[in-house]
Structure formats: structure tokens, C-alpha cells
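Numbering-wise (the numbering used here), the sequence shown opens with residue 1 and increments by one. Idealized CB from N, CA, C, for every residue including glycine. The structure presented is a predicted model; accordingly, all values stated were derived computationally and were not measured.
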Amino acid sequence: MTCSPQRKDGRRGDRLVTLVLFDIDGTLIQTGRAGVRGMNRAFGDLFGAPDALDGVPVAGRTDRAIVSEVLTKIGQPVETSTITRVRDEYCRHLPDALADPASRPMNVLPGVLELLEALESRQDVVTALLTGNFVAGAAIKLGHFDLWTRFVFGAFGDEHTERRALVPVAVAEAARHGHTTFAPDRIVVIGDTPLDVDCAHANGSRAIAVATGMYSMDTLRDTNADLTVATLADVSPDWF
Numbered sequence: 001m002t003c004s005p006q007r008k009d010g011r012r013g014d015r016l017v018t019l020v021l022f023d024i025d026g027t028l029i030q031t032g033r034a035g036v037r038g039m040n041r042a043f044g045d046l047f048g049a050p051d052a053l054d055g056v057p058v059a060g061r062t063d064r065a066i067v068s069e070v071l072t073k074i075g076q077p078v079e080t081s082t083i084t085r086v087r088d089e090y091c092r093h094l095p096d097a098l099a100d101p102a103s104r105p106m107n108v109l110p111g112v113l114e115l116l117e118a119l120e121s122r123q124d125v126v127t128a129l130l131t132g133n134f135v136a137g138a139a140i141k142l143g144h145f146d147l148w149t150r151f152v153f154g155a156f157g158d159e160h161t162e163r164r165a166l167v168p169v170a171v172a173e174a175a176r177h178g179h180t181t182f183a184p185d186r187i188v189v190i191g192d193t194p195l196d197v198d199c200a201h202a203n204g205s206r207a208i209a210v211a212t213g214m215y216s217m218d219t220l221r222d223t224n225a226d227l228t229v230a231t232l233a234d235v236s237p238d239w240f
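The structure is reproduced here in C-alpha cells:
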């Protein structure tokens, strides 16, 4: 597809451009907790703590925040070099965890492919990722489902413990790829947890909450998301 250039006022032609940011786990795909198993294996190999993530909340958090909490829990220093070691060992184990028969159910979630195709066909929409995953972990997970190449850029959980910090990262990455300006209300965060909604609203952006993760429709409605749906099949492309 050939797109007309985006102007400095955030328009292509006569239309404002919207940046749509997708979460991964529970929003685009489900992996049967392969990520948790892969990370537990990493902590087991590195520190002899194979159940290190037990009792540690993971939904909606960045991998850096999760690893930092686990390191504190098992009495290890929370240092960038140590986090990097865990990340690399985790990514070594993640492909096997995804292939593990215990990784069930495991699939691209309903409505994902159809919504991506509809948005990708529009010149007034830019799609990208906003996820707590380490970038290498995101590539492995989405690559497993042939989705990684659908996204040119994104914001990831390598450097930040707070999810709220990822919207500015995504905007900066968009600028690096030639998309110069997005008004906050022309940014939409799509995710399956209250932290996704909080991340959007803390930055003045809109949020779609989808109940394909661990949170119910009622819980997600209580976040005051701009739109709450059972699956992404219920999202009309015209909403954007």
C-alpha cells in the first residue's frame, strides 16, 4: 500500500491520523502461560529458583518490573546487568515453553486478524505495539503466530517498570518512522487489563478494553475504558 505523507499537523490529506497501540498477551494472542514457565526456567537455571514467579502478579506489568520484583523476592541485586541475564536466559527458554504441550489454549484471539487487516488498509491509521514484553520476547511470541512482521515498531518493557511510560516511547518510535504528530486523543491503547486502560488515560489517550484475558467485562467496564468488548471481533474499524 502507498500512503500519502503525514503532515506536521498530524493529518494525511484531510483526515487526522490515529495511532493504534496493541498489547500482546491476552489481547492479540494467548500462550497458555508459556511466558511464565519460560521465565521460571530462567530463574531456575540462573539462581536455583524454578518457582520464582509464584505469587508475583504479571498481568499488565512490564517484564522489567516483574523481573525486578522477583530478584528482590529471591534476594538478588536488582541491577541492569542481572535483568539482562534473566532476559537472555528467558528468551532462550521461551521457544521451548511455547512448544510445550502445557501451552494450551494457545492461539490468535478472535477478531485480531480481521481488525488488523481493516486498520492496515487505512491511510489514516498507524498500527503498532505497546506491550510489557521484552522486545526479544515479543518477537518470539508473535513470531510463533506469524504476527511479528505485521508491526513495524512499538514500545516494550525492557527499560521501564511503569506501563504509563510506554505511550511516550511509542510516540517517539512513531516519529522515528516518519509519523510526526499525534494529538493524545488520536492515540488508542488496546489491552486486556486495567493497567492498559490506566496507561492510556494517564497519557490523555483513549482505551479499548477487551475481555479475552484474565479480567471480566464487568471489571474492565469499571476502569471507564472508552470502549469495552468481549473480543476484538466486536470492534468496528469505524470506531477509530
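Using a Cβ-Cβ cutoff of less than 8 angstroms, which residues in the same chain neighbour residue i once the five nearest sequence positions on both sides are dropped?
| i | result |
| --- | --- |
| Arg-85 | Leu-46 |
| Asp-9 | Because Asp-9 carries a pLDDT of 45, less than 50, the predicted location of this residue cannot be relied on, and no value is offered for it. |
| Val-36 | Leu-53 and Val-58 |
| Ala-128 | Leu-19, Val-20, Leu-21, Phe-22, Phe-151, Val-152, Phe-153, Gly-154, Ala-155, Ala-170, Glu-173 and Ala-174 |
Cβ atoms of residue j and residue i: under 9 angstroms apart, would you say?
| i | j | result |
| --- | --- | --- |
| Arg-206 | Val-229 | no |
| Ile-66 | Met-39 | yes |
| Val-197 | Ala-170 | no |
| Thr-60 | Leu-195 | As written in the sequence, residue 60 is Gly, which differs from the Thr given in the question. Contact flag set, yes. |
| Ile-140 | Leu-21 | no |
| Ala-99 | Pro-237 | no |
| Ala-136 | Arg-87 | yes |
| His-93 | Arg-176 | no |
Taking the alpha-carbon positions, what's the residue i to residue j distance?
| i | j | result |
| --- | --- | --- |
| Cys-91 | Gly-191 | 23 angstroms |
| Ala-52 | Ala-209 | 29 angstroms |
| Pro-110 | Arg-33 | 18 angstroms |
| Trp-239 | Ala-138 | 27 angstroms |
| Leu-19 | Asp-185 | 9 angstroms |
| Arg-150 | Val-126 | 11 angstroms |
| Pro-168 | His-144 | 28 angstroms |
| His-201 | Thr-223 | 10 angstroms |
| Ala-49 | Glu-120 | 43 angstroms |
| Phe-43 | Glu-69 | 12 angstroms |
| Ala-97 | Ala-211 | 24 angstroms |
| Gly-178 | Pro-101 | 42 angstroms |
| Val-108 | Asn-203 | 28 angstroms |
| Leu-16 | Tyr-215 | 32 angstroms |
| Gln-76 | Cys-199 | 29 angstroms |
| Ile-219 | Phe-134 | Reading off the sequence shown, one finds Thr at residue 219, where the question assumed Ile. Taking the straight line from one Cα to the other gives about 27 angstroms. |
Whole-angstrom Cβ separation of residue i and residue j, contact assumed at under 8 angstroms?
| i | j | result |
| --- | --- | --- |
| Ala-174 | Phe-182 | 7 angstroms |
| Gly-213 | Thr-82 | About 29 angstroms; that fails the 8 angstroms criterion. |
| Val-235 | Leu-115 | 6 angstroms |
| Val-152 | Leu-232 | That belief does not hold up - the Cβ atoms of Val-152 and Leu-232 are roughly 20 angstroms apart, past 8 angstroms. |
In chain order, what residues of the same chain lie with their CB nearer than 7 angstroms to the CB of residue i, ignoring the 5 residues before and after it?
| i | result |
| --- | --- |
| Thr-247 | A query on residue 247 cannot be resolved here, the shown segment of the chain reaching from 1 to 240 and no further. |
| Thr-72 | Val-78 |
| Thr-62 | Gly-132, Gly-157, His-160, Thr-161 and Arg-163 |
| Pro-105 | Gln-30 and Gly-32 |
| Ser-103 | Thr-31, Gly-32, Ala-34 and Ala-97 |
| Glu-252 | Outside the shown range of the chain (1 to 240) lies residue 252, about which nothing can therefore be said. |
| Arg-64 | Ile-83, Gly-157, Asp-158, Glu-159, His-160 and Thr-161 |
| Met-217 | Ala-211, Thr-228 and Ala-230 |
| Pro-95 | Ile-140 |
Which same chain residues end up closer than 6 angstroms to residue i when comparing Cβ atoms and leaving out the 5 residues on each side of it in sequence?
| i | result |
| --- | --- |
| Leu-227 | Ile-208 |
| Arg-221 | Thr-228 |
| Leu-142 | Trp-148 |
Is the closest heavy atom of the ligand SAM to the C-beta of residue i under 8 angstroms?
| i | result |
| --- | --- |
| Val-197 | This structure simply doesn't include the ligand SAM, nor any ligand for that matter. |
Can you list the alpha helix (DSSP H) stretches of 4 or more residues lying completely in the region 128-194, in chain order?
Listed in chain order, the complete alpha helix (DSSP H) runs (minimum 4 residues) inside the region 128-194 are 135-144 and 166-176.
Mind listing, in chain order, the continuous alpha helix (DSSP H) runs of no fewer than 4 residues lying wholly within the region 22-59?
Listed in chain order, they are 34-47.
Every unbroken alpha helix (DSSP H) inside the region 58-113 [4 residues or more]:
Counting whole runs of 4 or more residues, the region 58-113 contains the alpha helix (DSSP H) stretches 63-73 and 80-99.
Along the chain, which unbroken stretches of the beta strand (DSSP E) at least 3 residues long are found entirely within the region 194-227?
The qualifying runs are 206-210.
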